[in-house]
Amino acid sequence: MTDERQPIRVLVVEDDPVAADAHVMYVGRVPGFVAVGKAHTGAEARRILDRTPVDLLLLDLHLPDVHGLQLARSLRAGGHHADVIAVTSARDLAVVREGVSLGVVQYVLKPFTFATLRDRLTRYAEFHAAAGEASGQDEVDRALAALRAPTPAALPKGLSAPTLQRVTGALREAPDGLTAAGLAEAVGISRITARRYLEHLVDTGRAARSPLYGQVGRPELVYRWVPQGVEGR
Numbered sequence: 232m233t234d235e236r237q238p239i240r241v242l243v244v245e246d247d248p249v250a251a252d253a254h255v256m257y258v259g260r261v262p263g264f265v266a267v268g269k270a271h272t273g274a275e276a277r278r279i280l281d282r283t284p285v286d287l288l289l290l291d292l293h294l295p296d297v298h299g300l301q302l303a304r305s306l307r308a309g310g311h312h313a314d315v316i317a318v319t320s321a322r323d324l325a326v327v328r329e330g331v332s333l334g335v336v337q338y339v340l341k342p343f344t345f346a347t348l349r350d351r352l353t354r355y356a357e358f359h360a361a362a363g364e365a366s367g368q369d370e371v372d373r374a375l376a377a378l379r380a381p382t383p384a385a386l387p388k389g390l391s392a393p394t395l396q397r398v399t400g401a402l403r404e405a406p407d408g409l410t411a412a413g414l415a416e417a418v419g420i421s422r423i424t425a426r427r428y429l430e431h432l433v434d435t436g437r438a439a440r441s442p443l444y445g446q447v448g449r450p451e452l453v454y455r456w457v458p459q460g461v462e463g464r
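In structure tokens form, the structure reads like this:
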């Protein structure tokens, strides 16, 4: 049976052009969602909302002309009822509490991967699809639980969170990238172990690999950190 539900329309509000393009691409890769536009300022977001139906804002809180929560507040006052997924590097729980009253249904902390955003959007879709009258408390609880983030996924067998953190730090500090041998030396692990961590970062979208040419013999792979377009904000 064909799903005839309309896609959830998302407006990306992000001042960094590279990040905005990345977020639009991410949204387009999640079934059931469509990016209907992108805005780099609060004023531009208002103009788009005045002429384009939007269900969900993917909203950076640090815009050049207005704080994201101030924008959300003014949109509510102006009759716009789109839900909000806030994108921010801020970890102030007071901001989180304030956002709840303004239609912020999820927070995504920078930097994040496509997998993280896909999970949040999928959970929002479950919440968005809930309609009609609840049969009881359990059904209300299930609808709200759809928005809750899952517990962190377990790392592949043999990988540890502390070592992954060290590997990630070393890779992010190497603008030209690192080979498995270079990472092994920098972190103090074996080359085989280093490659496993690097491949895990590739699998999760945090790193990219490419051949390192210009040397004798088989080209070695060099791994580079993949900025999410949302760091350092």
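Going by this note's numbering, the first residue of the sequence shown is number 232, and it counts up by one from there. From the three backbone atoms N, C-alpha and C, an ideal C-beta is built for every residue, glycine too.
Query                                                                                                 : Result
Rounded separation between Ala-365 and Arg-426 - CA only                                              : Here the model assigns Ala-365 a pLDDT of 48, short of 50, so the residue's position is not dependable and the matter cannot be decided.
For Ile-420 and Leu-414, the rounded distance between their alpha carbons                             : 8 Å
Cβ pair Leu-289, Gly-299 closer than 8 Å                                                              : no
Backbone secondary structure at Leu-432 - three-state DSSP                                            : helix
Bridge partner(s) assigned by DSSP for Thr-319                                                        : Leu-340
Beta-carbon gap between Ile-437 and Gly-408 smaller than 8 Å                                          : Looking at the sequence shown, residue 437 is not Ile but Arg. Against a cut-off of 8 Å, the Cβ pair of Gly-408 and Arg-437 comes out as no contact.
Cβ neighbour criterion (16 or more within 10 Å) applied to Ile-316                                    : buried
Within 8 Å, strictly: CB atoms of Pro-295 and Asp-247                                                 : no
Counted within 10 angstroms of its Cβ, other Cβ atoms place Pro-442 as buried (16 or more) or exposed : exposed
Rounded Cβ spacing between Val-457 and Thr-410 (contact assumed at less than 8 Å)                     : Not a contact, Cβ separation roughly 17 Å.
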